[in-house]
Ligand SMILES: Cc1cc2nc3c(=O)[nH]c(=O)nc-3n(C[C@H](O)[C@H](O)[C@H](O)COP(=O)(O)OP(=O)(O)OC[C@H]3O[C@@H](n4cnc5c(N)ncnc54)[C@H](O)[C@@H]3O)c2cc1C
Ligand SMILES: Cc1cc2nc3c(=O)[nH]c(=O)nc-3n(C[C@H](O)[C@H](O)[C@H](O)COP(=O)(O)OP(=O)(O)OC[C@H]3O[C@@H](n4cnc5c(N)ncnc54)[C@H](O)[C@@H]3O)c2cc1C
Ligand SMILES: Cc1cc2nc3c(=O)[nH]c(=O)nc-3n(C[C@H](O)[C@H](O)[C@H](O)COP(=O)(O)O)c2cc1C
Ligand SMILES: Cc1cc2nc3c(=O)[nH]c(=O)nc-3n(C[C@H](O)[C@H](O)[C@H](O)COP(=O)(O)O)c2cc1C
Ligand code: FES
Ligand code: FES
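Chains as they are written, first to last, in the working numbering: chain D, 210 to 442; chain V, 210 to 442; chain L, 61 to 373; chain E, 61 to 373.
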């Protein structure tokens with residue numbers, strides 16, 4: 210997991226939107242903006258073994274091209290309490306969301322980061338500094354809650370009320386987060402990953418199968434209702 | 210000689226600029242704007258036997274396309290006295306000039322229209338109404354001055370001072386007008402005709418030979434100095 | 061009588077491309093969202109009169125890795141590389157499309173006449189109303205325009221498909237990367253095509269000057285959008301001249317009703333929309349329908365087919 | 061030392077296209093103002109490193125009647141029809157061009173190999189430094205791309221000119237209206253061309269929907285400007301691949317220094333400017349020179365030839 214920055218006059222994005230980052234002679238990957246300040250963009254990139262490995266390996270002097278931002282981010286309202294669940298490389302858009310949303314009045318965040326083991330947990334301090342309540346969860350119990358992030362979210366939701374559950378991570382995690390929110394009758398938004406190639410809603414490759422929705426143009430963040438309704442929305 | 214109007218959202222032109230008028234299945238000709246009011250443009254078209262003949266023959270219901278305006282028009286300053294010499298189809302831009310310039314303070318116009326015979330003189334009353342002093346000249350002496358328009362201009366210049374001599378008509382007339390202005394040491398501007406096809410300064414066909422100047426883009430109105438200097442300007 | 065409420069005359073937008081009946085002349089072009097059943101249905105609901113699917117091959121293809129798409133204000137460049145799951149799986153997708161009243165046209169690819177005819181047979185069996193043979197993709201080796209730029213190969217491929225499917229509706233999609241598209245059109249018709257789709261993208265490329273790198277991972281791709289429009293219009297005009305009676309679908313740079321009308325003047329029977337979907341969304345179909353209705357009304361025409369005939373020059 | 065006045069390093073913009081020596085890589089394209097001696101001299105004075113004249117034939121040609129030109133924000137369409145006074149008169153024009161230090165390249169047309177070689181001989185005799193064979197105009201019957209789209213004819217024409225002018229500098233200007241521009245380039249080189257100019261315009265057309273009429277009197281014409289840019293870049297890239305050592309001049313949609321740099325990345329040795337003259341005037345030459353100087357300076361390069369080699373990918 211590395212931190213990369215690059216200069217690019219990319220228009221300002223909303224948390225949850227993504228860009229396409231192109232490393233010449235290697236490839237282009239969709240990345241959520243983790244941090245931005247003026248022309249500086251930062252990403253958190255997980256090493257998946259393909260293009261991402263090369264992106265992780267770029268030296269600070271390398272030149273990357275960035276196009277975007279694309280898609281739709283997380284809904285944001287002041288005066289609400291948000292339960293935020295991140296897994297793996299799902300952290301960046303969620304942290305960016307907190308960074309933006311914390312400027313709003315009477316807005317509360319609980320941030321859960323799930324991973325297999327303590328080594329894979331990162332940036333917890335940083336998120337704490339942003340004013341969120343932070344709870345780690347590890348499958349092996351090596352740090353924080355022993356179990357998956359959504360189970361932890363469920364137990365926290367027993368104790369206190371939240372207006373919304375936002376999630377970003379593996380699709381199985383998103384599925385259980387969505388079910389949990391439905392059960393609790395609170396707003397759900399999740400950021401989904403598909404095979405994003407054109408990123409502009411023309412090639413169809415990032416379809417949410419059977420729903421007529423495109424991750425790149427209609428998402429990557431979808432609400433529970435939109436996911437349920439699909440093209441009937 | 211006919212009067213035609215057509216609707217077109219052509220940007221406002223300066224007197225002396227021209228448009229390209231396209232009559233489908235017939236052709237396109239450069240025409241000076243004779244009159245404009247809002248989306249109504251009027252032209253005076255002489256029947257030369259080619260495309261112009263067909264343009265002259267269009268019924269009021271026909272649809273024409275107009276592109277432009279193109280080129281540069283006559284220089285215009287208030288407080289000056291202008292000697293304006295028109296021959297044949299050279300009248301339209303000159304009349305348009307008077308129509309625009311008469312709104313300026315302390316500006317005087319003398320308008321000479323030359324033709325072979327009285328039948329070919331036209332719109333004299335209209336120009337008088339615009340506040341110009343009007344002098345017809347005919348080769349056969351059938352109306353007004355007997356002789357060519359430039360000779361008449363010369364004799365008028367003997368009697369009183371003018372700041373500038375502007376001319377539009379056959380090239381031989383323009384040549385003598387230019388010489389006259391040079392002799393009298395007054396400003397000269399003339400509107401020239403060449404084989405205008407692209408009208409945007411790219412094909413080179415409307416070149417003022419040996420001068421590196423384009424009628425469509427640098428003209429159709431040229432000052433005496435520019436004509437003398439050519440590309441050295 | 062002015063001032064009195066009058067019921068506007070009903071306007072009939074129906075179009076016909078040979079035996080293909082359309083509720084308007086505005087179809088979705090191949091490769092644009094037509095790779096999955098729910099996207100196809102979304103296009104129908106947005107007002108597309110027909111959908112041409114993503115080109116399908118016999119076997120699965122992964123296509124090219126990103127970057128596969130570039131755009132500026134003048135054109136789009138793409139080299140997607142014809143990814144797909146293969147005709148077996150794609151036939152299941154086709155079967156899931158529930159839209160009885162609008163034609164579904166399967167775009168068929170192949171590396172040989174045999175593959176074209178096999179895939180065509182499979183998609184027709186799966187319920188496609190017609191096939192469009194992709195003889196024109198400019199950036200995949202061994203298929204597309206490599207076949208489609210040679211009249212004899214065009215004829216051979218179309219003939220193979222016609223032979224396998226004597227009664228199917230067959231369109232041949234042609235490449236503009238040729239000196240003589242009329243020859244390609246004639247070859248397709250001789251091979252047995254019912255109609256032509258003109259055109260696919262033009263070969264093109266571009267570079268990121270700062271990165272000193274091609275804009276597309278494949279190195280080059282296909283030019284679509286505004287830049288393609290005049291070339292596509294020429295193709296249709298030329299095909300209409302050499303094949304006065306052949307059904308022709310125009311495609312290339314249709315963004316507005318004017319762009320579409322130019323195709324009808326040139327001789328097209330219907331048009332497909334591709335790149336403009338990126339800029340104007342699928343709602344472009346509804347907008348074009350509304351704009352065409354207005355045009356017909358203003359021309360005091362009640363029927364697109366007649367209106368179109370009168371546009372022709 | 062910052063703050064101390066330093067003399068900026070001298071920047072050398074000289075370019076080389078084979079034996080053609082240029083004071084910068086920015087040339088004027090054929091058909092753009094190159095029909096008369098005073099216009100040619102105006103282009104030189106504005107900073108063009110070389111001028112390619114309007115294409116000249118043996119006999120006078122009147123060309124097409126207006127409308128011959130259309131433009132929108134995406135492209136220009138033209139069908140001027142190669143008007144000219146014929147080589148006899150044009151040779152006199154060439155002789156009037158007084159510019160010793162910059163190359164004058166005569167664009168040569170013909171309806172047969174014999175006409176090409178005859179006209180080429182006349183213009184070289186009249187003082188042209190090189191000829192560019194117009195094997196690519198897309199809208200005149202019997203010449204241009206009708207010849208230039210067939211490798212065997214390309215070779216035959218170039219060979220005839222080479223035969224007549226063993227030592228002359230010969231460029232062949234190629235058409236993008238082909239499936240395989242590499243083949244055309246190879247044929248020209250086999251025929252004896254010193255270098256290639258890529259590309260001429262793409263066939264295209266358009267209609268005025270209100271008038272129900274073609275935008276050009278000829279019915280169709282050639283597409284230039286922005287729309288042509290990706291197609292021309294592909295042509296140069298492809299030619300550079302199949303002909304690694306052949307001098308290549310890129311032309312098509314150069315408006316900015318970025319557009320030119322893309323051509324150098326693709327493998328061009330110099331570029332020609334056409335349609336952009338309409339938008340940016342002849343002063344574009346001075347602007348491009350200034351912009352290239354800045355680029356070289358920023359890259360700490362002092363010399364275009366080296367800079368260009370490093371750009372190549
Ligand atoms: C909107 C969006 C935002 C993203 N933001 C980030 C981010 O901020 N940080 C980050 O690290 N990653 C992010 N990703 C994921 C990232 O773009 C790539 O998918 C990931 O880096 C894999 O790329 P790769 O080329 O290394 O892997 P590949 O070579 O493509 O594959 C490596 C392995 O991962 C699997 N894999 C790859 N992609 C997928 C997929 N989409 N679905 C299922 N399996 C897959 C492959 O099957 C393979 O086993 C985002 C993705 C999307 C769609
Ligand atoms: C800037 C500009 C503005 C103009 N404004 C007007 C206007 O307001 N009203 C108007 O009536 N005309 C105007 N003209 C002239 C007009 O555009 C045409 O040149 C004229 O109508 C001849 O067209 P045609 O097709 O009928 O003649 P053609 O068929 O071209 O020729 C008919 C005869 O006229 C001769 N001829 C045609 N053009 C020229 C020429 N350029 N030089 C010398 N001889 C020529 C031909 O040799 C032939 O004998 C203008 C021209 C220019 C360049
Ligand atoms: C992203 C993209 C993917 C495409 N994929 C295909 C394809 O699979 N099969 C095909 O025949 N044409 C394909 N095309 C070409 C289009 O169908 C169409 O012919 C072309 O884009 C021109 O139309 P447009 O200018 O409206 O986009 C594709 C075009 C684009 C932009
Ligand atoms: C008005 C016009 C006239 C042209 N005439 C010629 C010509 O006579 N001979 C020729 O080889 N190319 C001719 N061309 C093609 C250009 O030289 C050039 O190849 C083409 O326009 C692409 O470059 P651009 O995009 O910079 O304009 C002409 C182009 C235009 C726009
Ligand atoms: S990635 Fe192409 S439509 Fe989403
Ligand atoms: S008419 Fe083409 S340059 Fe003037």
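Where a beta carbon is used, it is the ideal one built from N, C-alpha and C, also for glycine.
request  = From the DSSP output, in three-state form, read off residue 189 of chain E for me.
outcome  = Within the fourth chain, numbered from 1, the residue matching residue 189 of chain E stands at position 129. Residue state, collapsed to three classes: coil.
ask   = Roughly how many angstroms lie between the CA atoms of residue 214 of chain D and residue 406 of chain D, to the nearest whole one?
value = Counting from one through the first chain, the residue named residue 214 of chain D turns up at place 5. Counting from one through the first chain, the residue named residue 406 of chain D turns up at place 197. Any reading at residue 214 of chain D must be qualified, since the residue scores a pLDDT of 45, below 50, and its modelled position is unreliable; no value is offered.
inquiry  = Let me confirm a value: residue 398 of chain V is counted as buried when at least 16 other C-beta atoms fall within 10 Å, else exposed. Which label applies?
reply    = Against the second chain, residue 398 of chain V aligns to sequence position 189. Buried is the call here.
query = Can you find at least 3 beta carbon pairs, one from the region 243 to 260 of chain L and one from the region 240 to 253 of chain E, that sit closer than 8 Å?
reply = no
key: Minimum Cβ-Cβ distance from residue 131 of chain E to chain V less than 9 Å   = Numbered from its first residue, the fourth chain carries residue 131 of chain E at position 71. Closer than 9 Å: yes.
ask   = Taking just the CA atoms, how far does residue 408 of chain D sit from residue 139 of chain L?
value = Sequence index remark: in the third chain, residue 139 of chain L carries index 79 (1-based). Sequence index remark: in the first chain, residue 408 of chain D carries index 199 (1-based). Rounded to whole angstroms, residue 139 of chain L to residue 408 of chain D spans 14 Å at the Cα level.
query = What is the DSSP secondary structure of residue 290 of chain D, reduced to helix, strand or coil?
reply = Looking up residue 290 of chain D in the first chain gives position 81. If DSSP states are grouped into helix, strand and coil, residue 290 of chain D belongs with the strands.
request  = State yes or no: is the beta carbon of residue 363 of chain V nearer than 9 Å to at least one beta carbon in chain E?
outcome  = Indexing the second chain from 1 puts residue 363 of chain V at position 154. For residue 363 of chain V, the answer is no, since every Cβ of chain E falls outside 9 Å of its Cβ.
request  = Answer yes or no: do residue 415 of chain V and residue 128 of chain E have a C-beta to C-beta separation smaller than 9 Å?
outcome  = Stepping through the second chain from its first residue, residue 415 of chain V is reached at position 206. Stepping through the fourth chain from its first residue, residue 128 of chain E is reached at position 68. Their beta carbons are not under 9 Å apart, which means residue 415 of chain V does not touch residue 128 of chain E by this criterion.
task = My understanding is that residue 425 of chain D touches residue 299 of chain D, with C-beta atoms under 8 Å, so please give their C-beta distance in whole angstroms.
result = Reading the first chain from its first residue, position 216 is the one you call residue 425 of chain D. Reading the first chain from its first residue, position 90 is the one you call residue 299 of chain D. Contact flag wrong, Cβ pair sits at about 17 Å.
key: chain L contact residues for residue 338 of chain E, given Cβ-Cβ distances below 8 Å   = Here the question's residue 338 of chain E lines up with position 278 in the fourth chain. Within 8 Å Cβ-Cβ: nothing; residue 338 of chain E doesn't reach chain L, min ~15 Å.
task = May I ask you to report which of helix, strand or coil DSSP gives residue 432 of chain D?
result = Counting from one through the first chain, the residue named residue 432 of chain D turns up at place 223. Residue state, collapsed to three classes: strand.
key: DSSP-derived helix/strand/coil call for residue 253 of chain D   = Your numbering for residue 253 of chain D matches position 44 in the first chain. Residue 253 of chain D falls in the strand class under three-state DSSP.
inquiry  = Check this for me: beta carbons of residue 234 of chain E and residue 295 of chain E, under 9 Å apart or not?
reply    = Start at 1 with the first residue of the fourth chain, and residue 234 of chain E comes out as number 174. Start at 1 with the first residue of the fourth chain, and residue 295 of chain E comes out as number 235. Their beta carbons are under 9 Å apart, which means residue 234 of chain E touches residue 295 of chain E by this criterion.
key: 6 Å Cβ shell around residue 107 of chain E - same chain, five flanking residues per side excluded   = By 1-based counting over the fourth chain, the position of residue 107 of chain E is 47. These residues qualify, in order along the chain: 345, 346, 349.
query = Any heavy atom of ligand 5 closer than 8 Å to the CB of residue 106 of chain L?
reply = Mapped onto the third chain, residue 106 of chain L falls at position 46. It does not: the Cβ of residue 106 of chain L is nowhere closer than 8 Å to a heavy atom of ligand 5.
inquiry  = Looking at residue 287 of chain L: is its Cβ nearer than 9 Å to the Cβ of residue 290 of chain E?
reply    = To locate residue 287 of chain L, count along the third chain from 1; it is residue 227. To locate residue 290 of chain E, count along the fourth chain from 1; it is residue 230. For residue 287 of chain L and residue 290 of chain E, yes; Cβs fall inside 9 Å.
query = Using the beta-carbon count (16 or more within 10 Å), is residue 268 of chain D buried or exposed?
reply = Within the first chain, numbered from 1, the residue matching residue 268 of chain D stands at position 59. By the neighbour-count rule (16 or more Cβ atoms within 10 Å), residue 268 of chain D is not buried but exposed.
query = Rounded to the nearest angstrom, how far is the Cβ of residue 85 of chain E from that of residue 109 of chain E, given a contact under 8 Å?
reply = Position 25 of the fourth chain, counted from the start, is the residue given in the question as residue 85 of chain E. Position 49 of the fourth chain, counted from the start, is the residue given in the question as residue 109 of chain E. Right, the Cβ-Cβ distance comes to about 7 Å (below 8 Å), so this counts as a contact.
message = Within a Cβ cutoff of 7 Å, which residues of the same chain sit near residue 99 of chain E, ignoring the five residues on either side of it in sequence?
response = On the fourth chain, position 39 is the one that residue 99 of chain E refers to. Hits under 7 Å: 93.
query = Ends of the alpha helix (DSSP H) at residue 200 of chain L?
reply = The count along the third chain starts at 1 and reaches residue 200 of chain L at position 140. Residue 200 of chain L -> no alpha helix (DSSP H), and no H or E assigned at all.
request  = Take the Cβ of residue 387 of chain D as the centre, count every other Cβ of all protein chains shown within 10 Å, and call the residue buried at 16 or more, exposed below.
outcome  = Indexing the first chain from 1 puts residue 387 of chain D at position 178. With 16 or more other Cβ atoms within 10 Å, it is buried.
Neighbourhood of residue 263 of chain D by C-beta, 8 Å cutoff - its chain only, sequence neighbours within 5 removed = Here residue 263 of chain D is taken as the residue at index 54 of the first chain, counted from 1. So the qualifying residues of the chain are 232, 235, 236.
ask   = Along the chain, which unbroken stretches of the alpha helix (DSSP H) at least 4 residues long are found entirely within the region 309 to 372 of chain V?
value = 333 to 338, 358 to 368
request  = Taking only the alpha-carbon atoms, compute the straight-line gap between residue 170 of chain E and residue 204 of chain E and give it to the nearest angstrom.
outcome  = By 1-based counting over the fourth chain, the position of residue 170 of chain E is 110. By 1-based counting over the fourth chain, the position of residue 204 of chain E is 144. Straight-line Cα distance between these residues: approximately 8 Å.
task = Can you give me the Cβ contacts of residue 255 of chain V inside the same chain, cut-off strictly under 7 Å, excluding the 5 residues immediately before and after it?
result = In the second chain, residue 255 of chain V corresponds to position 46, counting from 1. Excluding positions up to five away in sequence, the list reads 210, 261, 297, 298.
query = Who are the near neighbours of residue 355 of chain D in its chain, counting only those whose CB is closer than 7 Å to its CB and skipping five residues on each side?
reply = Here residue 355 of chain D refers to the residue found at position 146 when the first chain is read from its first residue. Excluding sequence neighbours, residue 355 of chain D sits near 347.
key: Entirely enclosed alpha helix (DSSP H) segments - the region 117 to 183 of chain E, minimum 4 residues   = 147 to 156
inquiry  = Quick test of the definition: if touching needs 3 or more C-beta pairs under 8 Å, does the region 295 to 314 of chain E touch the region 327 to 346 of chain E?
reply    = yes
For residue 117 of chain E, the nearest candidate out of E/245, E/323, E/178 (CA to CA) = Taking the first residue of the fourth chain as 1, we reach residue 117 of chain E at position 57. Among E/245, E/323, E/178, the Cα nearest to that of residue 117 of chain E is on E/178.
key: Pair within 9 Å by beta-carbon distance, residue 231 of chain L and residue 192 of chain L   = By 1-based counting over the third chain, the position of residue 231 of chain L is 171. By 1-based counting over the third chain, the position of residue 192 of chain L is 132. The answer is yes: Cβ separation under 9 Å.
task = Compute the Euclidean distance between the alpha carbons of residue 315 of chain D and residue 372 of chain D, then round it to the nearest angstrom.
result = As a first step, residue 315 of chain D must be located in the first chain, where it is residue number 106. As a first step, residue 372 of chain D must be located in the first chain, where it is residue number 163. Those two C-alpha atoms are separated by around 12 Å.
query = Would you call residue 282 of chain V buried or exposed, if buried means 16 or more other Cβ atoms sit within 10 Å of its Cβ?
reply = Translated into positions along the second chain, residue 282 of chain V becomes position 73. Looking at its Cβ environment, which holds 16 or more other Cβ atoms inside 10 Å, residue 282 of chain V is buried.
ask   = Which bits of chain V does residue 137 of chain E rub up against, with CB to CB less than 8 Å?
value = The count along the fourth chain starts at 1 and reaches residue 137 of chain E at position 77. Within chain V, no residue comes near residue 137 of chain E; the closest Cβ sits about 11 Å away, beyond 8 Å.
task = Write down every uninterrupted run of the alpha helix (DSSP H) in the region 271 to 337 of chain L whose length is 4 residues or greater and which is fully enclosed by it, in chain order.
result = 289 to 302, 317 to 326
request  = Assign residue 61 of chain E to one of three DSSP states: helix, strand, or coil.
outcome  = If you number the fourth chain from 1, residue 61 of chain E lands on position 1. Any answer about residue 61 of chain E is weak, because its pLDDT of 46 lies below 50 and its placement is not dependable; what the coordinates show is given next. It is coil, neither helix nor strand.
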